[in-house]
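What follows is a short report on a single structure.
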Amino acid sequence: MRPARVRHYAHLLTAFLLLMAAGFAAVVRHNIQPATTASTAPAAPVDGAALFERRCARCHAPEELSAGLQMQFDLAQAQQDLERFLDQHGHSSAAENPRIAAWLLSLEAPAPTTTPP
Amino acid sequence: MKSALSSVVYVGLYLLLALLPLHVAMVADPITLDRPWRLEFAVGCGFIAFSLIWLEFALVSRLRTLSDSFGTDTLVQFHRSMGISASVLLLTHVLLLLPASGWQALLPWRGSWLTQSGALAFWALVVLTVSSLWRRRLRVSFDLWNRLHRVAALVAAVAGTLHLWAVAGYSARTSVRLATLLIVALCGGILIWYAVVRPLHLWRRPWRVSANRALGADTRLLTVRPDGHPGYAYHPGQFAWLISGRTPFSRAQHPITIASAPAADGSQSFAIKALGDWSGQVVPQLQPGARLWVEGPYGALTVDRLPAQGFVLIAGGIGITPMLAIVQTLAERRDPRPCLLFYAANDRSRVVFAEELAALQQRMALTLVYVFEHPRPGDGGESGRITPELMRRYLPAELPWFQCLICGPNPMMDSVEQSLRALGVAADRIHSERFDQV
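Top to bottom, those sequences are chains A and B. Each step along the first sequence adds one to the number in this note's numbering, with nothing skipped, and position 72 is 72. Adding 1000 to a residue's 1-based position in the second sequence gives its number in this note's numbering.
What follows is the structure, encoded as structure tokens:
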């Protein structure tokens, strides 16, 4: 078989695989239920907002720290990295850092929901 | 028919394995956050790139069943193309995640274990792609490229797997881990068979050089016989890997077409043109009695699997070797079907096996047409290149029922394939095999 023909089939296959990746993204996003209302949201983010206001807001806007957090591949890792940053840089305590980080993460996306069975 | 069916099965299996982790991740779907579409798309690309990288090993592990179905050259070309596809998918994965993670995530010595393994896999794939696409332009020797390719491929596969397993996202689910583990076990198993089991098996089946003579035109005819075993059966036109190092684990492995018809004592001859370090320096030093290993047969360029009323054989330079094996075998079988052989060379001094071919013309229905690109006075034959006009003068009226086989330099094969198509030969009646692809 001519290399050009093999390349042609490989290009078609690559396009198909990219389409599958796009389909995957569409399906998993479709599976997400609408965000829960504010009244059912956990208390920690609200707590985190107050802590952020108290400890960080004098120098930083929330968007400045939260921007792109949801783009992190690993959310748990993103939260850990943010807590480490707060630990080294911020004026908050070790007990307060997880709550601030959780609140910042929640700014980019609605509160966690459950997937349909 | 059987080959076509097995080809369809293998393509289906390839697609199934390429998409398996992605599909299982989609069904398991443990991510409950409404993350941006581009993030999920990046994850999807990452999953597919992971599978493609591992499947690359299976394509070039000399699995005979794959080689018989597709031809080794097609597998190598597909391996090359899908390697580029894996790079595109991985690059998409990285580019979509980079704005959030920052360019520092590309530094393998910084960040968490997750980002380090991902960065390592990314750079290994960059090295693989760049060195393979531009090896000659970068003036990298084949031997260095070969070493680099093996190491970088292994690093890309292992680091990519660690990266995937380190993510506390989709791959945290047992089902996703099992799907990825299946890919690793299957392709890793094939890799271990290729790198360890296969050479160990070959070690117990050595071959000895029985003759090594110069044919002229920088070509030597190396004849080998099995030592303490019966050798193997093959079809004329197939090739074997010659391994001339101290053990079958040696990297000095070269695909050479078998230039002789199957013999009763298992002997095989190989016409080897001096084109590089191994063929130019090592082969002339192989004395009768020297030990080597012959792994074969491989390749689908053979008349035995092609129903036809006759054959058009087109050879360029050292590409005459499979054609010689084919016409020798047809003559020994007293096959009455006609053969038309075009043999292209620079001039008559570059022709090998002229006497053998002349003798075969007396024994079978063989029409031999020499085509010399730069003929010297008295060379005879046709002048110039193999063009549609030249072929039309010799091709029989029964051409639609003939099978056409081509072997030679890549530009010549491209040109002849186009000419045959222009003359109305169906694509599935044109067969070729290419070795020089990197």
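Glycine included, C-beta positions come from ideal geometry on N, C-alpha and C. Since the structure is predicted, the reported quantities are computational estimates derived from the model, not experimental observations.
Just to confirm, is the Cβ distance from A:A94 to A:G48 under 8 Å?
no
What are the start and end residues of the beta strand (DSSP E) that includes B:E1295?
R1291 to Y1298
A:A35 in three-state terms, based on DSSP:
Residue confidence is low: A:A35 scores 46 on pLDDT, short of 50, so the model does not pin down where it sits. Its coordinate-derived value is still stated next. In the structure shown, A:A35 adopts coil according to DSSP, grouped into three states.
Exposed or buried, which one is B:I1192 when buried takes at least 16 other CB atoms within 10 Å?
exposed
So is B:V1151 buried or exposed if we call it buried at 16+ other beta carbons inside 10 Å?
exposed
Report the residues of the stretch 9–20 of chain A with a CB closer than 9 Å to any CB of chain B, ordered along the chain.
Y9, A10, H11, L13, T14, F16, L17, L18 and M20
Supposed contact pair B:V1352 and B:Y1370 - C-beta distance, whole angstroms, cut 8 Å
That belief does not hold up - the Cβ atoms of B:Y1370 and B:V1352 are roughly 12 Å apart, past 8 Å.
Can you name the residues that DSSP bridges to A:P24?
Looking at the sequence shown, residue 24 of chain A is not Pro but Phe. A:F24 is not bridged to any residue.
Could you say which of B:L1313, B:A1345, B:G1424 and B:L1107 lies nearest to B:S1432 if we only look at CA atoms?
Closest option to B:S1432, Cα to Cα, is B:L1313.
Could you confirm whether any beta carbon from chain A is found closer than 8 Å to the beta carbon of B:V1088?
yes
Give the range of the beta strand (DSSP E) segment to which B:V1303 is assigned.
No beta strand (DSSP E) holds B:V1303; DSSP gives it neither H nor E.
B:L1275 versus B:D1265, B:P1226, B:M1412 and B:G1317, residue with shortest Cα-Cα distance:
Ranking B:D1265, B:P1226, B:M1412 and B:G1317 by Cα distance to B:L1275 puts B:G1317 first.
Which partner residues does B:C1404 have in the DSSP bridge list?
B:V1312 and B:I1430
Where does B:H1374 fall in DSSP's three states?
Of the three classes helix, strand and coil, the one that applies to B:H1374 here is coil, per DSSP.
For B:S1131 versus B:L1120, is the C-beta distance shorter than 8 Å?
no
Straight-line Cα distance separating B:L1221 from B:E1417
Cα-Cα distance, rounded: 29 Å.
Neighbour list for A:N31 in chain B, Cβ cutoff strictly below 7 Å
D1029
Measuring only between beta-carbons, confirm whether B:A1315 sits less than 8 Å from chain A.
no
Ends of the alpha helix (DSSP H) at B:A1086?
T1072 to S1101
Please confirm if A:A35 has its CB atom under 8 Å from at least one CB of chain B.
Low per-residue confidence applies at A:A35: pLDDT is 46, beneath 50, and the placement is therefore not dependable, though the value from the model is reported in the following sentence. Under the Cβ criterion of 8 Å, A:A35 is counted among the residues facing chain B.
Please confirm whether B:T1180 and B:L1162 have their CB atoms less than 8 Å apart.
no
Proximity winner among B:L1395, B:P1206, B:F1142 and B:E1056, relative to B:S1244 (alpha-carbon distances):
B:P1206
Could you compute how far the alpha carbon of B:R1038 sits from the alpha carbon of B:G1188?
31 Å
Apart from the five residues on each side of it in sequence, which residues of its chain come closer than 6 Å, Cβ to Cβ, to B:I1326?
P1236, G1237 and V1303
Contact set between A:R7 and chain B, taken where Cβ atoms lie within less than 8 Å
Q1077 and S1081
Residue closest to B:A1185, alpha-carbon to alpha-carbon, out of B:S1279, B:T1065, B:I1272 and B:L1055
B:L1055
Closest Cα partner of B:G1384 within the set B:M1364, B:A1359 and B:M1412:
B:M1412
Between B:A1214 and the rest of its own chain, which residues show a CB-CB distance below 7 Å, the 5 nearest in sequence each way excluded?
R1220
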